[in-house]
Amino acid sequence: MQPIAHPKVTPAKNEPGRVTRPFNFSAGPATMPLAVLQRAAAEMCNWHDANGKPSGMGVMEMSHRGKAFGSIVQHAEASLRRLLLVPEEFHILFMQGGGLAQNAIVPLNLCGPAPGKPAVDFVLTGSWSQKSWQEAAKYSAPHIAASAQESAFHDIPDPATWQLSAGARYVHICSNETIHGVEFQSLPDLRALGSEAPLVVDFSSHVASRPVDWSRVGLAFAGAQKNLGPAGLTLVVVRDDLLGAALDICPSAFNFKNIAANASMFNTPPTYGIYMAGLVFDWLEQQGGIVAIEARNIEKAALLYQAIDASDLYFNPVNPGCRSRMNVPFFLREPALESAFLQGAEQAGLLQLKGHKSVGGLRASIYNAMPLEGVQALVAFMRSFERTRA
Ligand SMILES: *Cc1c(COP(=O)(O)O)cnc(C)c1O
Numbered sequence: 093m094q095p096i097a098h099p100k101v102t103p104a105k106n107e108p109g110r111v112t113r114p115f116n117f118s119a120g121p122a123t124m125p126l127a128v129l130q131r132a133a134a135e136m137c138n139w140h141d142a143n144g145k146p147s148g149m150g151v152m153e154m155s156h157r158g159k160a161f162g163s164i165v166q167h168a169e170a171s172l173r174r175l176l177l178v179p180e181e182f183h184i185l186f187m188q189g190g191g192l193a194q195n196a197i198v199p200l201n202l203c204g205p206a207p208g209k210p211a212v213d214f215v216l217t218g219s220w221s222q223k224s225w226q227e228a229a230k231y232s233a234p235h236i237a238a239s240a241q242e243s244a245f246h247d248i249p250d251p252a253t254w255q256l257s258a259g260a261r262y263v264h265i266c267s268n269e270t271i272h273g274v275e276f277q278s279l280p281d282l283r284a285l286g287s288e289a290p291l292v293v294d295f296s297s298h299v300a301s302r303p304v305d306w307s308r309v310g311l312a313f314a315g316a317q318k319n320l321g322p323a324g325l326t327l328v329v330v331r332d333d334l335l336g337a338a339l340d341i342c343p344s345a346f347n348f349k350n351i352a353a354n355a356s357m358f359n360t361p362p363t364y365g366i367y368m369a370g371l372v373f374d375w376l377e378q379q380g381g382i383v384a385i386e387a388r389n390i391e392k393a394a395l396l397y398q399a400i401d402a403s404d405l406y407f408n409p410v411n412p413g414c415r416s417r418m419n420v421p422f423f424l425r426e427p428a429l430e431s432a433f434l435q436g437a438e439q440a441g442l443l444q445l446k447g448h449k450s451v452g453g454l455r456a457s458i459y460n461a462m463p464l465e466g467v468q469a470l471v472a473f474m475r476s477f478e479r480t481r482a
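Count along the sequence shown starting at 1, add 92, and that's the number in my numbering.
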């Protein structure tokens, strides 16, 4: 067997074997923990099991029905359940299609089995919840229970003011708006608001960055490419009693009941993505789990928001009570300096800081895998840019 050439590494403090790389603030696909990439690289051509027994195959070459991959998917699922404290009555599904496909797959699964378009409630807090609301109209009668549009999506409407429909099939929220940078700091308690409907949560861009109160959730979904691994994998966590309400037209391969009954193997799941997510979960456990990573995320976000708020050049328009810890949009009071900022940042090894085209400005996505030093380097660059330009 050919020996595997490992990537050249320059050890640095805190993270043994750290390669010197630029800091990537992309909103997604996003930066990965380097240790995960290195482990995947080392195992690329010959995966070995927990006892060190080589399989003679790379993970992407394995049958999804084989013993080796079976152990990989079981490990990933068990790790996630442990990390996020997912209760037994919830199924963990690994799917394809990304977050956007779930905007159709969720109503296709929850709006039957009788034909017709039942009411579904939406809380609009930014681009992503708006997209979900628009797509749902094909399969349901979507109702806007609350919208933050008037505040230009810089706020989250107080749940006490939501106009929830009687008999809605579900209530949809996006718990972290990746573009507008607003995040629910706690999930709404629908029962306390007088609704019996299950809460559906798009947690694509902050999954695994903080604990989840599953007692308030019916279903949560996430595309993987922000906080879990490579694009192509979609995570769905769904409570058992919500299975079996699919519309007839729901594609079999997207029917949660089929997927749950077949342990995510109704058809070929995104095997390599599941493997990579499993490595990310291992890494999260090594970091001390979700509570420890949350504490780091709080520290990173506080550092960046404090630097923005203390400056005369930068500002963030979001109500401080609902600012995202993961996606920090910010703007220059002199927008003409934007391209100089981006150019200087890139030269300083700070990549992908351009804001989303729909809102403009700048955005730093600081997911789990962004180390504190990355945020420190960004803040240092912002200060020096302000000193020399403003
Ligand atoms: C990125 C993102 C999505 C879309 O994911 P795709 O995988 O591109 O379909 C959906 N919701 C949120 C909140 C996101 O950040």
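Ideal Cβ placement from N, Cα and C applies to all residues, glycine included. Computed from a prediction, not measured in an experiment: that's the story for all the values here.
- Does DSSP put Arg425 in a helix, a strand or coil? Position 333 of the sequence shown, counted from the first residue, corresponds to residue 425. Coil at Arg425, not helix or strand.
- From what residue to what residue does the alpha helix (DSSP H) around Pro234 run? The residue you call residue 234 lines up with position 142 of the sequence shown. It is not in any alpha helix (DSSP H) - Pro234 instead sits in the beta strand (DSSP E) that spans 233-239.
- Residues bridged to Glu181 (per DSSP): Indexing the sequence shown from 1 puts residue 181 at position 89. Paired residue(s): none; Glu181 is not in a bridge.
- Query: Which of helix, strand or coil does DSSP assign to Lys446?
  - Reply: Locating residue 446 in the sequence shown gives position 354, where the first residue counts as 1. DSSP places Lys446 in strand when its eight states are reduced to three.
- Taking the Cβ atom as the reference point for each residue, do Leu279 and Val309 lie within a distance shorter than 8 Å? Mapped onto the sequence shown, residue 279 falls at position 187. Mapped onto the sequence shown, residue 309 falls at position 217. Yes; because the gap between Cβ atoms is below 8 Å, this pair is in contact.
- Going by CA-CA distance only, name the one from Gly204, Ile164, Met149, Thr217 that's closest to Ser243. Walking along the sequence shown from the start, residue 243 turns up at place 151. Considering only Gly204, Ile164, Met149, Thr217, the residue with the shortest C-alpha distance to Ser243 is Thr217.
- Buried versus exposed call for Met462 [16 or more other C-beta atoms within 10 Å across all chains shown]: Locating residue 462 in the sequence shown gives position 370, counting from the first residue. Classification of Met462: buried, given that the 10 Å Cβ count is 16 or more.
- For ligand 1, any of its heavy atoms closer than 7 Å to the Cβ of Ala196? Counted from its first residue, the sequence shown places residue 196 at position 104. Every heavy atom of ligand 1 is 7 Å or more from the Cβ of Ala196, so no.
- Hey, would you say Arg475 sits closer than 8 Å to Ala399, going by beta carbons? Along the sequence shown, read from residue 1 onward, the residue named residue 475 stands at position 383. Along the sequence shown, read from residue 1 onward, the residue named residue 399 stands at position 307. Yes.
- Message: Considering just the uninterrupted stretch of the beta strand (DSSP E) at His140, what are its terminal residues?
- Response: Stepping through the sequence shown from its first residue, residue 140 is reached at position 48. First-last for His140: undefined, no H or E at that position.
- Return the CA-CA distance between Leu256 and Gln226, expressed in angstroms with no decimal places. Reading the sequence shown from its first residue, position 164 is the one you call residue 256. Reading the sequence shown from its first residue, position 134 is the one you call residue 226. Between Leu256 and Gln226, the C-alpha separation is close to 18 Å.
- May I ask you to check if the CB of Gln226 is nearer than 7 Å to at least one heavy atom of ligand 1? In the sequence shown, counting from the first residue as 1, residue 226 sits at position 134. No, Cβ of Gln226 sits at least 7 Å from all heavy atoms of ligand 1.
- Rounded to whole angstroms, how far is the Cβ of Val293 from the Cβ of Ile265, which I believe are closer than 8 Å? Taking the sequence shown and counting its residues from 1, the one referred to as residue 293 is at position 201. Taking the sequence shown and counting its residues from 1, the one referred to as residue 265 is at position 173. The Cβ separation is near 6 Å, so the contact holds.
- Message: Quick check on the DSSP output: the beta strand (DSSP E) that includes Gly381 runs from which residue to which?
- Response: By 1-based counting over the sequence shown, the position of residue 381 is 289. It is not in any beta strand (DSSP E) - Gly381 instead sits in the alpha helix (DSSP H) that spans 381-402.
- Task: Identify, in the order they occur along the chain, each residue of the same chain with its Cβ nearer than 7 Å to the Cβ of Leu429, setting aside the five sequence neighbours on each side.
- Result: Counting from 1 along the sequence shown, the entry for residue 429 is found at position 337. Result list for Leu429: Arg481, in chain order.
- Message: Taking the alpha-carbon of Ala122 as reference, which of Met149, Met136, Met187, Ala316 has the nearest alpha-carbon?
- Response: The count along the sequence shown starts at 1 and reaches residue 122 at position 30. Ala122 has its Cα closest to that of Ala316, out of Met149, Met136, Met187, Ala316.
- Do Thr123 and ligand 1 come close, with the Cβ less than 7 Å from some heavy atom? Residue mapping note: residue 123 aligns to position 31 of the sequence shown, counting from 1. Result no, Cβ not under 7 Å from ligand 1.
- Query: In this structure, does DSSP put Tyr262 in helix, strand or coil?
  - Reply: The residue labelled residue 262 in the question sits at position 170 within the sequence shown. Coil.
- Query: Is the Cβ-Cβ distance between Ala469 and Phe117 less than 8 Å?
  - Reply: Here residue 469 refers to the residue found at position 377 when the sequence shown is read from its first residue. Here residue 117 refers to the residue found at position 25 when the sequence shown is read from its first residue. Their beta carbons are not under 8 Å apart, which means Ala469 does not touch Phe117 by this criterion.
- Query: Which residues in the same chain have their Cβ closer than 7 Å to the Cβ of Pro210, if we skip the five residues on either side of it in sequence?
  - Reply: To locate residue 210, count along the sequence shown from 1; it is residue 118. Around Pro210: Cys203, Ser232, Ala233, Arg261.
- Message: So for Leu291, helix, strand or coil by DSSP?
- Response: For the purposes of this step, residue 291 is taken as residue 199 along the sequence shown, with counting starting at 1. If DSSP states are grouped into helix, strand and coil, Leu291 belongs with the strands.
- Query: In angstroms, rounded to a whole number, what distance separates the CA positions of Gly365 and Asn347?
  - Reply: Against the sequence shown, residue 365 aligns to sequence position 273. Against the sequence shown, residue 347 aligns to sequence position 255. The straight-line gap from Cα to Cα measures roughly 20 Å.
- Message: I'd like to check one pair, Leu175 with Phe373: are the Cβ atoms closer than 8 Å?
- Response: Stepping through the sequence shown from its first residue, residue 373 is reached at position 281. Stepping through the sequence shown from its first residue, residue 175 is reached at position 83. Their beta carbons are under 8 Å apart, which means Phe373 touches Leu175 by this criterion.
- Message: For ligand 1, is there any heavy atom lying closer than 7 Å to the beta carbon of Gln317?
- Response: Taking the sequence shown and counting its residues from 1, one reaches residue 317 at position 225. Flag set: Cβ of Gln317 near ligand 1.
- Message: Measuring only from the beta carbon, is Ala323 closer than 7 Å to any heavy atom that is part of ligand 1?
- Response: Taking the sequence shown and counting its residues from 1, one reaches residue 323 at position 231. Yes.
- Looking only at its own chain, which residues have a Cβ that is under 7 Å from the Cβ of Gly321, when we skip the five neighbours before and after it? Start at 1 with the first residue of the sequence shown, and residue 321 comes out as number 229. Exclusion of the five residues before and after Gly321 leaves Gly365, Met368, Ala369, Val372 as the residues of its chain whose Cβ lies within less than 7 Å of its Cβ.
- Query: Relative to the C-alpha of Ala127, which residue among His140, Ala119, Arg113, Cys137 is closest?
  - Reply: Translated into the one-based positions of the sequence shown, residue 127 becomes position 35. Looking at the Cα atoms, Arg113 is the closest of the given residues.
- Query: What's the C-alpha gap between Ser224 and Leu129?
  - Reply: Start at 1 with the first residue of the sequence shown, and residue 224 comes out as number 132. Start at 1 with the first residue of the sequence shown, and residue 129 comes out as number 37. Cα-Cα distance, rounded: 32 Å.
- Measure the CB-CB distance between Glu386 and Pro303 and report whether it falls below 8 Å. Locating residue 386 in the sequence shown gives position 294, where the first residue counts as 1. Locating residue 303 in the sequence shown gives position 211, where the first residue counts as 1. Yes, Cβ-Cβ distance for Glu386 and Pro303 is below 8 Å.
- Message: In the DSSP assignment, the beta strand (DSSP E) including Thr326 goes from what residue to what residue?
- Response: Here residue 326 corresponds to residue number 234 of the sequence shown, with the count starting at 1. In the DSSP assignment, Thr326 falls within the unbroken beta strand (DSSP E) covering 326-331.
- DSSP-derived helix/strand/coil call for Asn201: The residue labelled residue 201 in the question sits at position 109 within the sequence shown. In this structure, Asn201 counts as helix in the three-state DSSP scheme.
- Message: According to DSSP, simplified to helix, strand and coil, what is Met187?
- Response: Along the sequence shown, read from residue 1 onward, the residue named residue 187 stands at position 95. Strand at Met187.
- Terminal residues of the alpha helix (DSSP H) in which Arg173 lies: Taking the first residue of the sequence shown as 1, we reach residue 173 at position 81. Start and end: 159-176.
- Using 7 Å as the cut-off, classify the Cβ of Ala300 as near or not near the heavy atoms of ligand 1, replying yes or no. For this step, residue 300 is matched to residue 208 along the sequence shown. Not so, every heavy atom of ligand 1 lies at least 7 Å from the Cβ.
- Query: So what does Gly315 bridge to, in DSSP terms?
  - Reply: Within the sequence shown, the letter at position 223 stands for residue 315. DSSP, once it has assigned bridges, lists Thr326 as partnering Gly315.
- Item | Stretch pair the segment 353-365 + the segment 433-446: three plus CB contacts closer than 8 Å | no
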